[in-house]
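*Asks:* Taking the UniProt record's numbering, the leading residue of the sequence shown gets 1, the next gets one more, and so forth.
The C-beta atom is built at its ideal place from N, Cα and C for all residues, glycine as well.
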Amino acid sequence: MSQNDELQESIRLAVEAAEAANDTAAEITRLKADTLVAAEKINSFGGKMKPVLIGTLIGAVSSMGLAGLIYFRTINEMRTTAATQIEALTLFTQSVERLDGQLTSIGELTAVLADMQGQQSTGFEDVQTSVTGVHELILSIQQEAAAAAELAAAEMEAEQENPMQSQMAATILDAVEKGHEETQAAIIAGNSDLQLALTRMLADGLAPTPQKKNARDTTTTGNGRPQTSTASSTASKPKPKPKPRPRPTAKAPSNPFSYP
Numbered sequence: 001m002s003q004n005d006e007l008q009e010s011i012r013l014a015v016e017a018a019e020a021a022n023d024t025a026a027e028i029t030r031l032k033a034d035t036l037v038a039a040e041k042i043n044s045f046g047g048k049m050k051p052v053l054i055g056t057l058i059g060a061v062s063s064m065g066l067a068g069l070i071y072f073r074t075i076n077e078m079r080t081t082a083a084t085q086i087e088a089l090t091l092f093t094q095s096v097e098r099l100d101g102q103l104t105s106i107g108e109l110t111a112v113l114a115d116m117q118g119q120q121s122t123g124f125e126d127v128q129t130s131v132t133g134v135h136e137l138i139l140s141i142q143q144e145a146a147a148a149a150e151l152a153a154a155e156m157e158a159e160q161e162n163p164m165q166s167q168m169a170a171t172i173l174d175a176v177e178k179g180h181e182e183t184q185a186a187i188i189a190g191n192s193d194l195q196l197a198l199t200r201m202l203a204d205g206l207a208p209t210p211q212k213k214n215a216r217d218t219t220t221t222g223n224g225r226p227q228t229s230t231a232s233s234t235a236s237k238p239k240p241k242p243k244p245r246p247r248p249t250a251k252a253p254s255n256p257f258s259y260p
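1) Report all residues from its chain with a CB closer than 7 angstroms to the CB of Leu113; omit the five preceding and five following residues, and keep chain order.
2) Taking the alpha carbon of Val134 as the reference point, which residue from Gln102, Leu57, Gln195, Thr104 has its own alpha carbon closest?
3) Measuring straight from C-alpha to C-alpha, what distance separates Glu19 and Lys50?
4) I need the straight-line Cα distance from Gly47 to Leu57, nearest angstrom please.
5) Can you tell me whether Leu53 is buried or exposed? The criterion is at least 16 other CB atoms within 10 Å of its CB, across all chains shown.
6) One question on the structure: do Ile106 and Ile138 come within less than 8 angstroms of each other, judged by their Cβ atoms?
7) Which of the three DSSP states is assigned to Asn4 in this structure?
8) Could you check whether Gln184 and Ile141 sit closer than 8 angstroms to each other, using their CB atoms as the reference points?
9) Using a threshold of 8 angstroms, state whether the C-beta atoms of Leu198 and Gly123 are closer than that.
10) With Ser121 and Asn191 assumed to form a contact (beta carbons below 8 angstroms), what rounded beta-carbon distance in angstroms separates them?
11) Whole angstroms are fine: how far does the CA of Ala33 sit from the CA of Asn43?
12) In whole angstroms, what separates the C-alpha of Gln143 from that of Thr104?
13) Taking Gly179 as the reference, which of Phe92, Ala146, Arg200 has the closest Cα?
14) Distance check for Ile75 and Gln36, CA to CA, integer angstroms please.
So this is what it looks like as structure tokens:
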């Protein structure tokens, strides 16, 4: 009994081993088939991914090349910008230096203007004093002329009986009035020339550079003062109108011994 049991047990073990071997072989076959399918899938995926990888590699190389070009171009533009900024800074420095020079010139001109303002005030005071003196002189001359005219008229009225004295008084009156007119015209012309000379002096002092002056014809009056041409004197100051002088009522008869 024991041998049969051992034999059956051995057969059972052999059958189980055979079944296990068959199961293992079937499992190995299934794994092999799955491995082959996976290998085919991998091969097909690799075939599909190969162009993608090549394109990716080409794109990466192209991107690196473009990035390099952009980098070098940016460096070049930065160098150009730096050179432009340096040139602009140089121009700005020169402009600042010129501005400093102009400010210095303005300061000097301001000082000159202040000095000229003082001189102008002094000159205006002198002109005002001269004009006042001339006006007083004209008034005194007019008073003297009026007194002389009244005296001559009184003498003419008092001595109408003497023709020679009447003619002499009329001649003296004419000479006095003529001298008064000439003196008044000379004083007015001298005052105008004084104002013109003061204006020229102020203009020459304010001018930054010497300028050429137009030549003007000048003459000299009897008292030695410079007098401008007749046209300029006439244009600047009108001639004073002569005062009406009294005339004798009756003309004296001709006298060969009368005063010429």
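*Replies:* Let me lay it out:
1) Start at 1 with the first residue of the sequence shown, and residue 113 comes out as number 113. So the list is empty, once near-sequence residues are dropped.
2) In the sequence shown, counting from the first residue as 1, residue 134 sits at position 134. Checking every option, the nearest Cα to that of Val134 belongs to Gln195.
3) By 1-based counting over the sequence shown, the position of residue 19 is 19. By 1-based counting over the sequence shown, the position of residue 50 is 50. Straight-line Cα distance between these residues: approximately 45 angstroms.
4) As a first step, residue 47 is located in the sequence shown; it is residue number 47 there, counting from the start. As a first step, residue 57 is located in the sequence shown; it is residue number 57 there, counting from the start. Each residue's Cα considered, the two are about 16 angstroms apart.
5) Residue 53 sits at position 53 when you count from the first residue of the sequence shown. Under this definition Leu53 is an exposed residue.
6) Here the question's residue 106 lines up with position 106 in the sequence shown. Here the question's residue 138 lines up with position 138 in the sequence shown. In this structure, the beta-carbon distance from Ile106 to Ile138 does not fall below 8 angstroms.
7) By one-based count along the sequence shown, residue 4 stands at place 4. Of the three classes helix, strand and coil, the one that applies to Asn4 here is helix, per DSSP.
8) Taking the sequence shown and counting its residues from 1, the one referred to as residue 141 is at position 141. Taking the sequence shown and counting its residues from 1, the one referred to as residue 184 is at position 184. Closer than 8 angstroms, so yes.
9) Position 198 of the sequence shown, counted from the start, is the residue given in the question as residue 198. Position 123 of the sequence shown, counted from the start, is the residue given in the question as residue 123. Yes, the Cβ-Cβ distance between Leu198 and Gly123 is below 8 angstroms.
10) Residue mapping note: residue 121 aligns to position 121 of the sequence shown, counting from 1. Residue mapping note: residue 191 aligns to position 191 of the sequence shown, counting from 1. Not quite, the Cβ-Cβ distance comes to about 19 angstroms (not below 8 angstroms), so this is no contact.
11) Mapped onto the sequence shown, residue 43 falls at position 43. Mapped onto the sequence shown, residue 33 falls at position 33. Computed Cα separation, rounded: 15 angstroms.
12) As a first step, residue 143 must be located in the sequence shown, where it is residue number 143. As a first step, residue 104 must be located in the sequence shown, where it is residue number 104. Each residue's Cα considered, the two are about 57 angstroms apart.
13) Against the sequence shown, residue 179 aligns to sequence position 179. Nearest of Phe92, Ala146, Arg200 to Gly179, Cα basis: Ala146.
14) Taking the first residue of the sequence shown as 1, we reach residue 36 at position 36. Taking the first residue of the sequence shown as 1, we reach residue 75 at position 75. The question names Gln, but residue 36 in the sequence shown is Leu. Answer to the nearest angstrom: the Cα atoms are 56 angstroms apart.
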